[in-house]
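Protein sequence lines, in the order shown, are assigned to chains A and B. Residues in the first sequence are numbered consecutively from 609, following the numbering used here. Residues in the second sequence are numbered consecutively from 609, following the numbering used here. Ideal Cβ placement from N, Cα and C applies to all residues, glycine included.
Protein chains: 2
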Amino acid sequence: MDVDDRKLRILQAIVEDYILSNTPVGSRTLSKTCGLGVSSATIRNEMADLTEMGYLIQPHVSAGRVPSAKAYRLYVTRLRPRGMTEQEIESARRAFRSRIRDMESVDSQGAAAISDLTHYTALVLTPRQSDLKVRSLHLIPLGGGRALLVIVTDSGVIRDTSIRVSSRLDASALYTIGQMLTQRMQGLTLRQMREMLYGYAASSDADARVLSGIADLAAQVEKQTETDRVTVGGAHNILYYPEYADVTAARAFMDALEDTGSLMHLLRPQENGICVRIGPETGIDAFRDCSVITAPYRVGRGHTGTIAIAGPSRMPYARMMDMMGMFSQELTDALSIKD
Amino acid sequence: MDVDDRKLRILQAIVEDYILSNTPVGSRTLSKTCGLGVSSATIRNEMADLTEMGYLIQPHVSAGRVPSAKAYRLYVTRLRPRGMTEQEIESARRAFRSRIRDMESVDSQGAAAISDLTHYTALVLTPRQSDLKVRSLHLIPLGGGRALLVIVTDSGVIRDTSIRVSSRLDASALYTIGQMLTQRMQGLTLRQMREMLYGYAASSDADARVLSGIADLAAQVEKQTETDRVTVGGAHNILYYPEYADVTAARAFMDALEDTGSLMHLLRPQENGICVRIGPETGIDAFRDCSVITAPYRVGRGHTGTIAIAGPSRMPYARMMDMMGMFSQELTDALSIKD
DNA sequence: TGTTAGCACTCGATTGTGTTGAGTGCTAAC
DNA sequence: GTTAGCACTCAACACAATCGAGTGCTAACA
């Protein structure tokens, strides 16, 4: 048995009805709305086929049908109707732009903006940065034997940490040390730099000793750059979906959001742009009835992060994919250095 | 009628039983647990009195009694038993310390740590910073006509923003400008500095023009320093309390957390250290059945922020107050500059 | 005067029983 | 292949019955 055109149209009508109503769709209503001009009995026959093929699920015998994950998958890949209009996208774009003014905290601001604009839970994977190339290093005196280390990389992303230094060093001394460090480290990746710093710390090199906490520094750099980071925003949005009227369901969802390990796996950058994972495709048990739409964004040259939204599988996929595409564009734009 | 010693003991037993069980407390169980050696009938008489006085609430005629906000208030002010042991505090302290390594993002890290350690929702009010005094200013080249502005203040808090500069300026030129700016601005408050910057932008002063986006800069400084910020962490924790088994309740709570205006009012620093607001005392309608414990923390000299936890009024007050005291100490410690 | 045993009473929670109605599957006719 | 007709199913709802924890009150007691 294959999915002919009529079955496809019926399936589409069911999916779209269910996305709006969140109630099982019956043959009667369907015969009116799907526009095929056939009776409910015919629809019933088709629906029985679609159920047998695994596209529809019957909660119980006298209820209508609910789309399965397989149905959504078909819906997303073979059908893709009604995305957002150009105007809708533009107005969302403006709203998004106004919310990511500062590049520094793109993760938290981005997650907040994305969740607010989509009404889903937003995820932002900030990529590991140990492959970024060092452009320059700067030391700024904070007083009290501490200095702020600012690392400028080729992607414009800035890492800053406060480190301990000898309190004898004044502003200009620190400036000079910064210049010296820049000279030595320029062009290295952050990982290479870290290793070089560990090397200095091990040797009792005269230059090394000017920074009393140089091993500390290397460790800090490692900590901040070696791991990906996942930021979650708008988790509470799911409470507004009737799917999560049961608190235990909501709890399971939120607990899954705390498991950064599996989230990272889920958000691992994909080659192929915007990517939809439906239900079991997410690989996360608590997301069995959820869908996740991911989109990459580029930071500088080639380093990619991921943004995502997560919500009930009953999701207006086309619209959300348009949204995610726009977010991805905007972030990449905002984070690229123009020079 | 006044609250004599026996009434007090009964009230205490009820509050403590209810905090643990979250079910209305009956006279029968109470006569066994409160250790007064009187029968349930006697207890019933006392409970009737306490109900009349407004300390207890009867959900319905055949249920036990539930403490009112007034009862919790009495419990917190007149009785205060069983806080945390020295060991418990020390072990929590160690856990907390290990989680606020970086001073930079004390708000988000602090909120996360506090909510994890208390299992309540954590709030952090980062104080307005426009009264902080400028210690030094630094400009770091980012390439592409942008520079990072770092402002070091007397409390060691650093604000950094990326601003637009003339692309002709190289690292050393920016360093010199930074020194110059430091000379002029040192000792001013951030607010005064902002006004001076606006002044520069208005005049066509030669010095002003080196920074092409000087008005932009002033606006940024204003935006980042003029407003208090509230950071929320662990909002999902409330889903674990049976009080919020109903999603609408959980939703109301989370919505209240989005209303930064009233939260700020709630978190406005208090003179008197750790402060407990019970139910209506919070002044927030959605927190009618919640309690909020706030504690101040000091940033540098005199500028205070606030940390808080929010959760069901049924809360182990003494333990939580001990916790908050410890957090407050630790944060103040971590944020004070030793020089 | 305070305490206690006894007892009738209340009312939420639980369980059980119809009733309803949306929606199905099947069959026979078109 | 399509459709009308019809028996059937089963969640949802409403309603009644039962249960029991806990009360308030009264009368007896120390």
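Can you tell me the Cα-Cα spacing of residue i and residue j, whole angstroms?
{"i": "I665 (chain B)", "j": "L731 (chain B)", "result": "30 Å"}
{"i": "A656 (chain B)", "j": "S629 (chain B)", "result": "21 Å"}
{"i": "M929 (chain B)", "j": "Y663 (chain B)", "result": "22 Å"}
{"i": "S870 (chain A)", "j": "T839 (chain A)", "result": "13 Å"}
{"i": "G753 (chain A)", "j": "L777 (chain A)", "result": "8 Å"}
{"i": "L747 (chain A)", "j": "Q787 (chain B)", "result": "14 Å"}
{"i": "M801 (chain A)", "j": "I917 (chain A)", "result": "35 Å"}
{"i": "Y905 (chain B)", "j": "Y849 (chain B)", "result": "28 Å"}
{"i": "R636 (chain B)", "j": "I622 (chain B)", "result": "12 Å"}
{"i": "G933 (chain B)", "j": "A721 (chain B)", "result": "14 Å"}
{"i": "Y783 (chain B)", "j": "R772 (chain A)", "result": "22 Å"}
{"i": "E803 (chain B)", "j": "M793 (chain B)", "result": "11 Å"}
{"i": "S775 (chain A)", "j": "A926 (chain B)", "result": "42 Å"}
{"i": "Y680 (chain A)", "j": "G643 (chain A)", "result": "21 Å"}
{"i": "E889 (chain A)", "j": "D863 (chain B)", "result": "32 Å"}
{"i": "V674 (chain B)", "j": "T693 (chain B)", "result": "28 Å"}
{"i": "A816 (chain B)", "j": "R705 (chain A)", "result": "Confidence at A816 (chain B) is low in this model, with a pLDDT of 47, below 50, so the placement of that residue is unreliable and no value is reported for it."}
{"i": "R743 (chain A)", "j": "T761 (chain A)", "result": "5 Å"}
{"i": "R922 (chain B)", "j": "I627 (chain B)", "result": "5 Å"}
{"i": "N845 (chain B)", "j": "N880 (chain A)", "result": "36 Å"}
{"i": "V884 (chain B)", "j": "C898 (chain B)", "result": "11 Å"}
Show which residues of chain A have a CB atom less than 7 Å away from the CB atom of residue i.
{"i": "A843 (chain B)", "result": "H844"}
{"i": "V760 (chain B)", "result": "I748 and L750"}
{"i": "Y783 (chain B)", "result": "Y783"}
{"i": "R688 (chain B)", "result": "Here the premise fails: no neighbours, minimum Cβ distance about 32 Å."}
{"i": "R707 (chain B)", "result": "Near R707 (chain B) there are no residues of chain A at all, since even the closest Cβ is about 13 Å away, more than 7 Å."}
{"i": "V772 (chain B)", "result": "In the sequence as presented, Val is not what sits at residue 772 (chain B); that position holds Arg. What R772 (chain B) touches in chain A: nothing, since even the nearest Cβ is about 11 Å away."}
Under 8 Å Cβ-Cβ, which residues of chain B neighbour residue i?
{"i": "L740 (chain A)", "result": "Per Cβ cutoff of 8 Å: no residues; L740 (chain A) is ~13 Å from chain B at best."}
{"i": "V855 (chain A)", "result": "L847, Y852, A853, D854, V855 and A858"}
{"i": "R906 (chain A)", "result": "Residues of chain B passing the Cβ test: none, with the nearest at roughly 16 Å."}
So the beta strand (DSSP E) residue i belongs to, where does it begin and stop?
{"i": "A755 (chain B)", "result": "R754 to T761"}
{"i": "G841 (chain B)", "result": "R837 to G841"}
{"i": "R885 (chain A)", "result": "C883 to I886"}
Could you work out which residues of chain A lie near residue i, taking near to mean beta carbons separated by less than 8 Å?
{"i": "M862 (chain B)", "result": "H844 and L847"}
Looking at the structure shown, is residue i part of a helix, part of a strand, or coil, going by DSSP?
{"i": "Y899 (chain A)", "result": "Here the sequence assigns Ser to residue 899 (chain A), which means Tyr is not the residue at that position. Here S899 (chain A) sits in strand by DSSP."}
{"i": "L575 (chain A)", "result": "Outside the displayed span of chain A (609 to 947) sits residue 575 (chain A), for which this structure offers no information."}
{"i": "G691 (chain A)", "result": "coil"}
{"i": "Y728 (chain A)", "result": "coil"}
{"i": "S635 (chain B)", "result": "helix"}
{"i": "P667 (chain A)", "result": "coil"}
{"i": "I950 (chain B)", "result": "This structure gives no information on residue 950 (chain B), because the portion of chain B shown stretches from 609 to 947."}
{"i": "P735 (chain A)", "result": "coil"}
{"i": "P924 (chain B)", "result": "coil"}
{"i": "R876 (chain B)", "result": "coil"}
{"i": "G919 (chain B)", "result": "strand"}
{"i": "I846 (chain B)", "result": "helix"}
{"i": "R906 (chain A)", "result": "strand"}
{"i": "R772 (chain A)", "result": "strand"}
{"i": "R701 (chain B)", "result": "helix"}
{"i": "G672 (chain A)", "result": "coil"}
{"i": "G869 (chain B)", "result": "helix"}
{"i": "G913 (chain A)", "result": "strand"}
Terminal residues of the continuous alpha helix (DSSP H) containing residue i?
{"i": "V855 (chain A)", "result": "V855 to E866"}
{"i": "S744 (chain A)", "result": "Per DSSP, S744 (chain A) belongs to no alpha helix (DSSP H); it is in the beta strand (DSSP E), V742 to G751."}
{"i": "R617 (chain B)", "result": "D613 to S629"}
{"i": "I651 (chain B)", "result": "S648 to E660"}
{"i": "R681 (chain B)", "result": "A677 to T685"}
Check the Cβ of residue i against every Cβ in chain A and list those closer than 9 Å, keeping chain order.
{"i": "R927 (chain B)", "result": "Residues of chain A passing the Cβ test: none, with the nearest at roughly 24 Å."}
{"i": "R885 (chain B)", "result": "Ordered by position in chain A, no residue passes the 9 Å Cβ test against R885 (chain B), which lies about 22 Å from the chain."}
Measuring from the CB of residue i, is there a heavy atom of the ligand MN at a distance below 7 Å?
{"i": "G643 (chain A)", "result": "With respect to small molecules bound, the structure shown includes none, and the ligand MN cannot be examined in it."}
So with CB distances below 9 Å, who are the chain B contacts of residue i?
{"i": "R792 (chain A)", "result": "Within chain B, no residue comes near R792 (chain A); the closest Cβ sits about 15 Å away, beyond 9 Å."}
Name the chain B residues that come within less than 7 Å of residue i, Cβ to Cβ?
{"i": "R736 (chain A)", "result": "The premise fails here: R736 (chain A) is roughly 18 Å from chain B at the closest Cβ pair, so nothing lies under 7 Å."}
Using a beta-carbon distance cut-off of less than 9 Å, what residues from the region 613-639 of chain B approach chain A? none
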